[in-house]
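*Asks:* All residue numbers for the sequence shown refer to our numbering, where the first residue is 7 and numbers rise by one.
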Amino acid sequence: QVDAVRVYVNSSSENLRYPVLFVVRQQKGVLSWQVPLIFRGLYQRTYNYQEVSRTLCPSEPTPETRPSDQIIFVDVASMAPFNIAYELLVTRLENFQLETNKAFNFTASPSQPQYFLYKFPQDVDSVIINVVSDAAYPCSVVSVQDIVCPVYDLDHNVEFNGVYQSMTKQAAITVQRKDFPGEQFFVVFVIKPEDYACGGSVPSSIHGNVNRTWNLQRTKNLQVTIVPSIKKSVYVQAMFFSFLSFLSFYLGSVVVAFVHYIRVQRKASAGRLSPEHGSGMMTSSHPISASTPEGSSYGAIDESSSSGGRQLSSPERRPPAGSDTDSSVEEESDFDTMPEIESDKNIIRTKVFLYLSDLSRKDRRIVSKKYKIYFWNIITIAVFYALPVIQLVITYQTVVNVTGNQDICYYNFLCAHPLGVLSAFNNILSNVGHMMLGFLFLLIVLRRDILHRRAMEMKDVYTLDYGIPKHFGLFYAMGIALMMEGVLSACYHVCPNYSNFQFDTSFMYMIAGLCMLKLYQTRHPDINASAYSAYASFAVVISLAVLGVVFGKNDMWFWVIFSMIHVLASLALSTQIYYMGRFKIDGPDSDLGIFRRAVMVLYTDCIQQCSRPMYMDRMVLLIVGNVVNWSFAIFGLVYRPRDFASYILGIFICNLLLYLAFYIIMKLRSSERLLPIPMFCIVATAVVWAAALYFFFQTLSSWEETPAESREKNRPCILLGFFDDHDVWHFLSAAALFFSFLVLLTLDDDLDTVRRDKIPVF
7 QVDAVRVYVN SSSENLRYPV LFVVRQQKGV LSWQVPLIFR GLYQRTYNYQ
57 EVSRTLCPSE PTPETRPSDQ IIFVDVASMA PFNIAYELLV TRLENFQLET
107 NKAFNFTASP SQPQYFLYKF PQDVDSVIIN VVSDAAYPCS VVSVQDIVCP
157 VYDLDHNVEF NGVYQSMTKQ AAITVQRKDF PGEQFFVVFV IKPEDYACGG
207 SVPSSIHGNV NRTWNLQRTK NLQVTIVPSI KKSVYVQAMF FSFLSFLSFY
257 LGSVVVAFVH YIRVQRKASA GRLSPEHGSG MMTSSHPISA STPEGSSYGA
307 IDESSSSGGR QLSSPERRPP AGSDTDSSVE EESDFDTMPE IESDKNIIRT
357 KVFLYLSDLS RKDRRIVSKK YKIYFWNIIT IAVFYALPVI QLVITYQTVV
407 NVTGNQDICY YNFLCAHPLG VLSAFNNILS NVGHMMLGFL FLLIVLRRDI
457 LHRRAMEMKD VYTLDYGIPK HFGLFYAMGI ALMMEGVLSA CYHVCPNYSN
507 FQFDTSFMYM IAGLCMLKLY QTRHPDINAS AYSAYASFAV VISLAVLGVV
557 FGKNDMWFWV IFSMIHVLAS LALSTQIYYM GRFKIDGPDS DLGIFRRAVM
607 VLYTDCIQQC SRPMYMDRMV LLIVGNVVNW SFAIFGLVYR PRDFASYILG
657 IFICNLLLYL AFYIIMKLRS SERLLPIPMF CIVATAVVWA AALYFFFQTL
707 SSWEETPAES REKNRPCILL GFFDDHDVWH FLSAAALFFS FLVLLTLDDD
757 LDTVRRDKIP VF
């Protein structure tokens, strides 16, 4: 048992020119202070205390001294030309050493800090120091320091040594035995003279010209409990759990693929289907009817057909399927080389009833190459985005480890398990699901792509006139985006804070945008956005997100500008969707023709046909979509949410859900079916997303507040003693995104046996 001595001094003198100086000399150190003791705050404010109590650095007994003997010299001096009365009291601390799993209560104040000793038990390699208080203020600091004299236990020097946290009601610090060669450390408790560091305000009594306060009562009751942290075996169990949980998805995919293979073989043996025609992992194959002309063009319109939108064959002979390779002549400029293409587009796309054959008339090879650009571009973006992010978070973690300032990163300190240089390994490990399921989705898409190519090669035709056109570029991009979301989320959780939150959301914007583009591309393959314009739009959104984080807290001008951009963008996009990309504002005579055209469109389409628009289904979707987006704009303008990144993400997700619901409703209205696999994926998506969102809203920290206020939300682990609520959100959201992708991949598998001139566009 280590004994410690505490010195209490008191002086009635308020003369700051002639303070009383106290110097305590010990075997291994010197400690000095003055009375009145002066603390400095913001704006040159000073806080003076006439009562001071300090714990002397303890010395362990040596062979030359008895266990209870400590030689201490106390020198008292003052330069005052008059006598100053003071009081000096030296006491022995009975409870200086903290015990494992035993709570200890005490009080502290700015002029009377406290610190205690803790020694690691033999079988404990890591402990968590839990500190709680019933009152949020006064603001305090908890520090862990090595056994070195003097101990830094005042407001102006507590940050000089060890690791430390600011605290209101709760603090938690994980300490490892390997960081302290002596297998013991001091736990220091300091009360700050002001509360601004913890989110509090400056006391009203010192506003104005008064900048000096005497003996401000700032006593705080604290309780400290030191409990053993998890053992190394728990780390191993958590890693096995993480990887095996998502490897089960691989096993399930293999089982489904095997079942599909058996079904195809049985049908082939019955003479109903050739086994080479399988279009993918979870879909029936593309049957080619005997009436399909050899060499039929991709969605070409037969000149003999008077019915708009009926897809028949073209007299041209296309290259065989095996020639689907890169060529210098296959450029995007070749998309619209059909005769009189502009007038043809206007005639076809402005019909009241459109069929898929009307919007799948371009050369399949060219269109596929166009969508492959999404895949290659997102890989390039991912590399250039991720490398600086990784460098930055490594720097953040290094700063935390070197300075000991645990206010830099907003962890859930009650469930932050370190590993190596990482402070919260569990928050990083839980993102493995995004990477594993993203890679699995890429494998599933690759298999579908390969089987689709085999189907075309076996028939020796360039394209198939049945089902939704198979373009896999956007699916590949979605898989990469899911993997990168895991990488960047892990980077963010290396040191989560205000400065790098956009790392965690950037690829979420891209995932939501790519899903909407894919859903639109399904029945509009010829008029979907190019990869360049899509990624440029994502770049604008991410830029707005960064500006919102910086300026969106209190600046009304930013919200006015953003709301205007949001509303105008919604209207512009709605116009393009409603007119299938054929809306143009141009004037043949003069610049006034632009406005004349706009007025005519507004009058004819919005006023004359208000009761019965030409494209009723599209109009209903766009009205609901604009109401939702305008509501978001008004909400942002009125409430100005501080978490701007999540606000934008909410806009993206709501629009995606709205469009997906519209798509499924219109699909069912068109007498189309939902096969068992997509139905299962839809149900699984809804269930897993509901569970994931429950854990997402269990807020465990918040960089919108001060670090001390954020720790009030910290909670213990809930899974395996290793993962917290946010880690469970990572697991479930990865699975939910995977199922969501499978919904988009398999949603129209029922149309594989339907001719494109029978598939409606909506």
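We put the beta carbon where it would ideally sit given N, CA and C, even for glycine.
With DSSP as the reference, identify every bridge partner of residue 150, one or two as the case may be.
*Replies:* Answer is 169, 193, bridged to residue 150.
*Asks:* Between residue 39 and the rest of its own chain, which residues show a CB-CB distance below 7 Å, the 5 nearest in sequence each way excluded?
*Replies:* Closer than 7 Å at the Cβ level, and outside the excluded window around residue 39, lie 28, 58, 60.
*Asks:* For the beta strand (DSSP E) holding residue 4, just list the boundary residues, first then last.
*Replies:* Past the boundaries of the shown model lies residue 4; the chain is included only from 7 to 768, so the question cannot be answered.
*Asks:* Inspect the CB distances between the segment 408-427 and the segment 709-719 and report whether three or more fall short of 8 Å.
*Replies:* In short, these stretches touch, since the Cβ pair count reaches three.
*Asks:* Would the beta-carbon of residue 472 fall within 7 Å of that of residue 761?
*Replies:* Yes. Within cutoff.
*Asks:* Helix, strand or coil, according to DSSP, for residue 88 in the structure here?
*Replies:* Looking at residue 88 - three-state DSSP - the assignment turns out to be coil, as it is neither helix nor strand.
*Asks:* What ranges does the alpha helix (DSSP H) occupy inside the segment 474-512, keeping only unbroken runs of at least 4 residues that lie completely in it?
*Replies:* Runs of the alpha helix (DSSP H) inside the segment 474-512: 479-500.
*Asks:* List the whole-angstrom C-beta distance separating residue 747 from residue 445, where the pair is believed to meet the contact cut-off of C-beta under 8 Å.
*Replies:* The pair is not a contact, with the Cβ atoms about 12 Å apart (cut-off 8 Å).
*Asks:* From the DSSP output, which residues share a beta bridge with residue 161?
*Replies:* Its beta-bridge partners do not exist; DSSP assigns none.
*Asks:* Just to check my reading of the structure: residue 90 and residue 207 have Cβ atoms closer than 8 Å, yes? What is that Cβ distance to the nearest angstrom?
*Replies:* Contact flag wrong, Cβ pair sits at about 36 Å.
*Asks:* Does the Cβ of residue 707 have 16 or more other Cβ atoms within 10 Å, making it buried, or fewer, making it exposed?
*Replies:* The residue is buried, with at least 16 neighbouring Cβ atoms inside 10 Å.
*Asks:* Locate the beta strand (DSSP E) running through residue 101, then write down its first and last residues.
*Replies:* Premise fails: residue 101 is in no beta strand (DSSP E) and is neither H nor E.
*Asks:* Measure the alpha-carbon distance for residue 361 versus residue 531 and round it to whole angstroms.
*Replies:* So the two alpha carbons sit approximately 12 Å from each other.
*Asks:* With DSSP collapsed to three states, give me the class of residue 406.
*Replies:* Helix at residue 406.
*Asks:* Out of 237, 202, 229, which has the shortest C-alpha to C-alpha gap to residue 183?
*Replies:* Among 237, 202, 229, the Cα nearest to that of residue 183 belongs to 237.
*Asks:* Does residue 199 have its Cβ less than 7 Å from a Cβ in chain B?
*Replies:* Structure shown: chain B not included; a single protein chain is present.
*Asks:* Using a 10 Å radius around the Cβ and a threshold of 16 neighbouring Cβ atoms, would you call residue 3 buried or exposed?
*Replies:* The structure shown has nothing for residue 3, since the chain only spans 7 to 768.
*Asks:* Considering only residues of the same chain and omitting the five flanking positions on each side of residue 44, which have a CB-CB separation below 6 Å?
*Replies:* Same-chain partners within the cutoff: 52, 54.
*Asks:* Could you pull out every residue in the same chain whose Cβ sits closer than 7 Å to the Cβ of residue 377, ignoring the five residues on either side in sequence?
*Replies:* These residues qualify, in order along the chain: 477, 479, 480.
*Asks:* Among residues of its own chain, excluding the 5 on either side of residue 181, which ones have a beta-carbon nearer than 6 Å to its beta-carbon?
*Replies:* So the qualifying residues of the chain are 133, 150.
*Asks:* Tell me the rounded alpha-carbon separation between residue 165 and residue 246.
*Replies:* Approximately 39 Å between the Cα atoms of the pair.
*Asks:* Could you have a look at residue 143 and say whether DSSP puts it in helix, strand or coil?
*Replies:* Looking at residue 143 - three-state DSSP - the assignment turns out to be coil, as it is neither helix nor strand.
*Asks:* Residue 440 and residue 489 look like a contact to me (Cβ under 8 Å); what is the Cβ gap, rounded to whole Å?
*Replies:* The pair is a contact, with the Cβ atoms about 6 Å apart (cut-off 8 Å).
*Asks:* Quick one: grab the DSSP three-state call for residue 223.
*Replies:* Looking at residue 223 - three-state DSSP - the assignment turns out to be coil, as it is neither helix nor strand.
*Asks:* For residue 434, which residues in the same chain have their Cβ closer than 7 Å to its Cβ, ignoring the five residues on either side in sequence?
*Replies:* The residues are 428, 496, 499, 500.
*Asks:* To which residues of the same chain is residue 21 closer than 8 Å at the C-beta, ignoring the five residues directly before and after it?
*Replies:* The residues are 86, 90.
*Asks:* Spell out the partners DSSP gives residue 81 in its beta bridges.
*Replies:* DSSP lists 29 as partners of residue 81.
*Asks:* Please work out which residues of its chain come closer than 6 Å, Cβ to Cβ, to residue 197, disregarding the five sequence neighbours upstream and downstream, and give them in chain order.
*Replies:* Answer for residue 197: 114, 115, 116, 144, 146, 224, 226, listed in chain order.
*Asks:* Can you tell me whether residue 678 is helix, strand or coil according to DSSP?
*Replies:* If DSSP states are grouped into helix, strand and coil, residue 678 belongs with coil.
*Asks:* Assuming residue 82 and residue 234 are in contact, meaning their beta carbons sit under 8 Å apart, how far apart are those beta carbons, in whole angstroms?
*Replies:* Not quite, the Cβ-Cβ distance comes to about 44 Å (not below 8 Å), so this is no contact.
*Asks:* Run the CB neighbour count on residue 563, radius 10 Å, all protein chains shown included, and call it buried at 16 or more, exposed below.
*Replies:* The residue is exposed, with fewer than 16 neighbouring Cβ atoms inside 10 Å.
*Asks:* On the CB-based measure, 16 or more other CB atoms within 10 Å of its CB, does residue 791 come out buried or exposed?
*Replies:* Residue coverage of the chain in this structure runs from 7 to 768, which leaves residue 791 outside it and unanswerable.
*Asks:* Closest to residue 632 by C-alpha separation, out of 624, 397, 576, 657, would be which residue?
*Replies:* If we check each option's Cα against that of residue 632, 576 comes out closest.
*Asks:* Just list the residues that DSSP pairs residue 541 with in beta bridges.
*Replies:* DSSP output for residue 541 lists no bridge partner at all.
*Asks:* In angstroms with no decimal places, state the Cα-to-Cα distance between residue 757 and residue 766.
*Replies:* Whole-angstrom Cα-Cα distance: 11 Å.
*Asks:* How close, in whole Å, do the beta carbons of residue 251 and residue 737 come, if the pair is a contact with beta carbons under 8 Å?
*Replies:* Right, their Cβ atoms sit about 7 Å apart.
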